[in-house]
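If you read the sequence shown in this note's numbering, its first letter stands for residue 9, the second for the next number, and so on. Where is the CB? At the ideal position from N, CA and C, for every residue including glycine.
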Amino acid sequence: MSEKPSSIKNLGPASDEFYARGGITTAEKLRELGPDEAYFRALKAGGNPHFIGYYVLVMALQGRPWNDCKGKEKDALKVRFEAIKTQINETKPATFELERALNVLGVVQKNTRIDG
Numbered sequence: 009m010s011e012k013p014s015s016i017k018n019l020g021p022a023s024d025e026f027y028a029r030g031g032i033t034t035a036e037k038l039r040e041l042g043p044d045e046a047y048f049r050a051l052k053a054g055g056n057p058h059f060i061g062y063y064v065l066v067m068a069l070q071g072r073p074w075n076d077c078k079g080k081e082k083d084a085l086k087v088r089f090e091a092i093k094t095q096i097n098e099t100k101p102a103t104f105e106l107e108r109a110l111n112v113l114g115v116v117q118k119n120t121r122i123d124g
C-alpha cells in the first residue's frame, strides 16, 4: 500500500486533500514530481495558493523542519512561488473561477473539470 503525502514529516491531512486535487495521492509521486510541479498541479486543479504551504512542502521534501526556511532562501522560494502562481494565471481557462466557486458551494462535484 502506498503512503499518502501526509506520511512525509511536516505534511498533514490537509496536504493529502490539496495534492489529491492534482492527482497526487502518494508520497512517492509527490517526491517524484518535486515541489514546484506538485504545487502547480494542485493549484491548476483548483487549490488555493498559500506561500507557507509551498515552502513547508519544499522543506518537507528536503527532510528539514518546516520553520527552517529563512532569509535569502525564503526570499528565493517566494520568487519561485510567485512564478508558479503566474504560470497558473496564464494557463487557466476562463471558467476556472466560476468552477472553483461552484465547487466550494457543492454545485459541481469536486475535482470535476467543466472543460474536460
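Boundaries for residue 76: no alpha helix (DSSP H) harbours it, and the DSSP string shows neither H nor E there.
The three-state secondary structure of residue 29, taken from DSSP, is coil.
A distance of 7 Å or more separates the beta carbons of residue 61 and residue 29. Residue 16 sits away from residue 52, with the two beta carbons spaced by 7 Å or more.
The three-state secondary structure of residue 10, taken from DSSP, is coil. Short of 6 Å from the beta carbon of residue 74, and not among the five residues preceding or following it, lie these beta carbons of its own chain, in chain order: 18, 64 and 67. Distance from the CA of residue 69 to the CA of residue 112, rounded to the nearest whole angstrom, comes to 29 Å.
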